[in-house]
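Colleague:
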Amino acid sequence: MDPEELKVLTETLKEKAAAQYRLRVPFRDIQSERHRHILDGAIKNALATELAQFTYAQIMDGLPTGDVCFDRRFPHVFGEHPIDSCHDELCPGALEKAQEYYQQWNSDILTFDPMTIEKYEHAEIGSRAFKTRLVELVAVALHEIAVLLFQLDFQLHKGGKADIDYVTNWRIPASELEGLVDVPPRPTLLSHHAYLDADIYPNGVADIVGYWAEDRILGGVAIFDRRAENSSNTPLPNIYFHSCRHKQTYRVYQLRDDQQEALFAFLLAKTDCPPPEPNPLPILSDTQNRVRVDPEYALTHHEIFRDIWERKPITIEQRRLIDRQAKSDLDYPEALEEVIRINEQLGFPIPKFRERSPSTPDWAIMPYVLHSLLLLLGPTTLAASIYMSLGRLIRSLEADPYSPVPIEYLTKTFVIGDAISFLTQSAGGGMLANAKTKSDQKMGQNIIIVGLAVQFYFFAFFITILHIFHRLITANPTSKSFSSISPWKQFVLVLYVSSVLI
Numbered sequence: 026m027d028p029e030e031l032k033v034l035t036e037t038l039k040e041k042a043a044a045q046y047r048l049r050v051p052f053r054d055i056q057s058e059r060h061r062h063i064l065d066g067a068i069k070n071a072l073a074t075e076l077a078q079f080t081y082a083q084i085m086d087g088l089p090t091g092d093v094c095f096d097r098r099f100p101h102v103f104g105e106h107p108i109d110s111c112h113d114e115l116c117p118g119a120l121e122k123a124q125e126y127y128q129q130w131n132s133d134i135l136t137f138d139p140m141t142i143e144k145y146e147h148a149e150i151g152s153r154a155f156k157t158r159l160v161e162l163v164a165v166a167l168h169e170i171a172v173l174l175f176q177l178d179f180q181l182h183k184g185g186k187a188d189i190d191y192v193t194n195w196r197i198p199a200s201e202l203e204g205l206v207d208v209p210p211r212p213t214l215l216s217h218h219a220y221l222d223a224d225i226y227p228n229g230v231a232d233i234v235g236y237w238a239e240d241r242i243l244g245g246v247a248i249f250d251r252r253a254e255n256s257s258n259t260p261l262p263n264i265y266f267h268s269c270r271h272k273q274t275y276r277v278y279q280l281r282d283d284q285q286e287a288l289f290a291f292l293l294a295k296t297d298c299p300p301p302e303p304n305p306l307p308i309l310s311d312t313q314n315r316v317r318v319d320p321e322y323a324l325t326h327h328e329i330f331r332d333i334w335e336r337k338p339i340t341i342e343q344r345r346l347i348d349r350q351a352k353s354d355l356d357y358p359e360a361l362e363e364v365i366r367i368n369e370q371l372g373f374p375i376p377k378f379r380e381r382s383p384s385t386p387d388w389a390i391m392p393y394v395l396h397s398l399l400l401l402l403g404p405t406t407l408a409a410s411i412y413m414s415l416g417r418l419i420r421s422l423e424a425d426p427y428s429p430v431p432i433e434y435l436t437k438t439f440v441i442g443d444a445i446s447f448l449t450q451s452a453g454g455g456m457l458a459n460a461k462t463k464s465d466q467k468m469g470q471n472i473i474i475v476g477l478a479v480q481f482y483f484f485a486f487f488i489t490i491l492h493i494f495h496r497l498i499t500a501n502p503t504s505k506s507f508s509s510i511s512p513w514k515q516f517v518l519v520l521y522v523s524s525v526l527i
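Read left to right, the sequence shown gives residues 26 to 527 (the working numbering).
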């Protein structure tokens, strides 16, 4: 997006966010007592976890601990950042304050979007729609709790506000910047790299902290496929997470069915001593989370978001920068499988293929296609040149009678066989490149083997013809072979060597 267009859009999103926030209704406005009770229990189950209390304790402290600050894909802290040395653990009283806050918890302080509440109340309890809306409301609750705690400005850090500001705003000294880029600090260290638009958010920097808390507790910011929700022909989609943790994909990923069921079971569990067990939080991605979307396209192209204003579109320059970056198998697990597929012809086994990410670029399949074509085309074209060379050599030596195959058919016979072999292998390679099932993979491999067998048969026949010709002309040289200025004996040797190399 053009910078000027982005500036106008920022103001529009800011107004939309403020208007939507003003319409929020309190928790007690949920008219169905049963729905209200279930949501209250789900929120308490999440708050009862040690992870939630530790997360909120850091907000009350004013700074994250050093290990949490660096436990991010893009930590945004560099060099000898003081967070790593001066805050390796919570300051005294912060965790106790968070635990006390949980013990006194009352959901009545929360507010929610009225449309989300309406969908939640109208959904049949236990249905997929009900569970999905429950997860959304719990995520909003965890976010708002973080906002409220940040706004209360506890700042229990032993160094006080001055030390918090110093650590937050620390930059690499100018004298140490040689060869490095001076990256300005974020407004808070309690931040998710993708949710930093304080100039749009209704609560400013506090909302940045809210998204960070969601990520720390749940495993990612919870977002949803709004396009599928508004389609009558599409079943209710799965939940997506957007994580910022270390060694986690930066892409938006869909929770697997088993991950969602574990989350639903945890939130809906009834226990006298929360949190319920087993506790799946945080839910993180792995190579099995195959449905992924590039975050820069998730909102604008796929309509995957919670609030339309949560992230600005990227600029044209940012888009170019992203396009130039190398693609990691951490973000594109199918890339590693493509490498395995490329090496399959060397004897490496092909794994069971899974579905590809919706926004995976075309580069994922092209290396395999190009590799296969070049691998198949190279020997074929070289063989064709050898076939033609033998025919021309026989003609130049006027040794037509020494050719077991009539000279007018010699080159044509082998080139036709070469073409059949090449086309067969190409067909098999194309089928293998687009294989969706194990049977398709096997079929493609078998077709390639047939093509190789055809090529081997014709090449063995060619070697036989070459050997017979060589033996006959050596035993009974033609007059032309004596007068020829061409070193035909060396040329025959070259044909032998080239044939062996193929």
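Beta carbons are placed, not taken as given, at the ideal position from N, Cα and C, and that holds for glycine.
What separation, rounded to the nearest whole angstrom, lies between the Cα atoms of Arg252 and Ala154?
Modeller: C-alpha separation (whole angstroms): 15 Å.
Colleague: On the DSSP letters alone, give me the boundaries of the alpha helix (DSSP H) that His62 sits inside.
Modeller: Taken as a continuous stretch (DSSP letters only), the alpha helix (DSSP H) holding His62 covers Glu58 to Leu72.
Colleague: Any beta carbon from chain D within less than 8 Å of Thr35's own beta carbon?
Modeller: Among the chains of the structure shown, chain D does not appear; only one protein chain is present.
Colleague: Around the C-beta of Asp348, are 16 or more other C-beta atoms found within 10 angstroms, so that it is buried, or is it exposed?
Modeller: The residue in question, Asp348, is exposed, as its Cβ has fewer than 16 Cβ neighbours within 10 Å.
Colleague: To the nearest angstrom, how far is it from the Cα of Pro338 to the Cα of His326?
Modeller: About 10 Å.
Colleague: Are the beta-carbon atoms belonging to Val172 and Ala231 less than 8 Å from one another?
Modeller: Yes, the pair counts as a contact, with Cβ atoms nearer than the cut-off.
Colleague: Let me confirm a value: Val525 is counted as buried when at least 16 other C-beta atoms fall within 10 Å, else exposed. Which label applies?
Modeller: Under this definition Val525 is an exposed residue.
Colleague: Using only the alpha-carbon positions, how far apart do Val277 and Leu324 sit?
Modeller: If you take the alpha carbons of Val277 and Leu324, they lie about 10 Å apart.
Colleague: Counting along the chain, where does the alpha helix (DSSP H) carrying Ile108 start and finish?
Modeller: Here the alpha helix (DSSP H) through Ile108 covers Ile108 to Cys111.
Colleague: Which full runs of the alpha helix (DSSP H) of 4+ residues lie inside the region 310 to 356, going along the chain?
Modeller: Counting only runs of 4 or more, we get 320 to 323 and 341 to 349.
Colleague: Pull up the distance between the alpha-carbon of Glu75 and that of Asn304, whole angstroms please.
Modeller: Computed Cα separation, rounded: 10 Å.
Colleague: When the distance is taken between beta carbons, is Leu48 closer than 8 Å to Pro139?
Modeller: Yes, they are a contact pair.
Colleague: Measure how close the beta-carbons of Gly453 and Gly442 come, nearest whole angstrom, since I'm counting them as under 8 Å.
Modeller: Not a contact, Cβ separation roughly 17 Å.
Colleague: Glu321 to Phe447, Cα distance in whole Å?
Modeller: Between Glu321 and Phe447, the C-alpha separation is close to 42 Å.
Colleague: First and last residue of the alpha helix (DSSP H) that includes Ala424?
Modeller: First-last for Ala424: undefined, no H or E at that position.
Colleague: Return helix, strand or coil for Ile233, following the three-state DSSP convention.
Modeller: Residue state, collapsed to three classes: helix.
Colleague: DSSP beta-bridge partners for Tyr265?
Modeller: Answer is Ile248 and Gln279, bridged to Tyr265.
Colleague: In the DSSP assignment, find the alpha helix (DSSP H) that holds Ser200 and state where it starts and stops.
Modeller: Run containing Ser200: none; DSSP gives neither H nor E here.
Colleague: Let's test the definition: count the other Cβ atoms within 10 Å of the Cβ of Cys528 and tell me whether it reaches 16, buried, or not, exposed.
Modeller: The requested residue 528 is not part of the displayed model; the chain covers only 26 to 527.
Colleague: When you compare only the Cα positions, how much space is there between Ala287 and Leu280?
Modeller: C-alpha separation (whole angstroms): 11 Å.
Colleague: Can you tell me whether DSSP reads Trp388 as helix, strand or coil?
Modeller: With a pLDDT of 46 at Trp388, under the threshold of 50, the modelled position of that residue is not reliable, and no figure is offered here.
Colleague: Are the region 493 to 508 and the region 408 to 424 touching by the rule of at least three beta carbon pairs closer than 8 Å?
Modeller: Judged by Cβ distances under 8 Å, the region 493 to 508 makes contact with the region 408 to 424, as three or more pairs qualify.
Colleague: Could you have a look at Val440 and say whether DSSP puts it in helix, strand or coil?
Modeller: Of the three classes helix, strand and coil, the one that applies to Val440 here is helix, per DSSP.
Colleague: For the alpha helix (DSSP H) that contains Trp513, what are its first and last residues?
Modeller: Where Trp513 is concerned, the enclosing alpha helix (DSSP H) stretches over Trp513 to Leu526.
Colleague: Going by the CB atoms, is the gap between Ala42 and Tyr226 shorter than 8 Å?
Modeller: Their beta carbons are under 8 Å apart, which means Tyr226 touches Ala42 by this criterion.
Colleague: If I measure Cβ to Cβ from Phe330 and keep anything under 6 Å in the same chain, skipping five residues before and after, which residues do I get?
Modeller: Ile248 and Leu324, listed in sequence order.
Colleague: Could you give the DSSP three-state label for Val192: helix, strand or coil?
Modeller: Correct three-state label for Val192: helix.
Colleague: Across the region 204 to 221 and the region 233 to 242, are there enough close Cβ pairs to call them in contact, namely three or more that are closer than 8 Å?
Modeller: Yes, they touch.
Colleague: Express the C-alpha separation of Ala360 and Ala389 in angstroms, rounding to a whole number.
Modeller: Low local confidence applies: a pLDDT of 46 at Ala389 is under 50, so the model's placement there is unreliable, and no value is given.
Colleague: Considering only DSSP beta bridges, list what Val50 is partnered with.
Modeller: Answer is Phe137, bridged to Val50.
Colleague: Short of 7 Å in beta carbon distance, which residues of its chain neighbour Phe439, apart from the five on each side in sequence? Order them along the chain.
Modeller: Cβ within range, chain order: Tyr412, Phe483 and Phe487.
Colleague: Beta-carbon within less than 7 Å of Cys94's beta-carbon, same chain only, minus the 5 sequence neighbours each way: which residues are those?
Modeller: Here the set comprises Pro100, Val102, Ile108 and Leu214.
Colleague: Check for me: the alpha helix (DSSP H) holding Arg270 runs from which residue to which?
Modeller: Note, Arg270: premise wrong, no alpha helix (DSSP H); not H, not E.
Colleague: Helix, strand or coil for Glu471? Go by DSSP, reduced to three states.
Modeller: The identity of residue 471 in the sequence shown is Asn, whereas the question assumes Glu. If DSSP states are grouped into helix, strand and coil, Asn471 belongs with the helices.
Colleague: If Tyr236 sits next to Asp356, beta carbons under 8 Å apart, how far is it from one beta carbon to the other, in whole angstroms?
Modeller: The Cβ separation is near 20 Å, so there is no contact.
Colleague: Report the three-state DSSP secondary structure of Thr213 (helix, strand or coil).
Modeller: Of the three classes helix, strand and coil, the one that applies to Thr213 here is coil, per DSSP.
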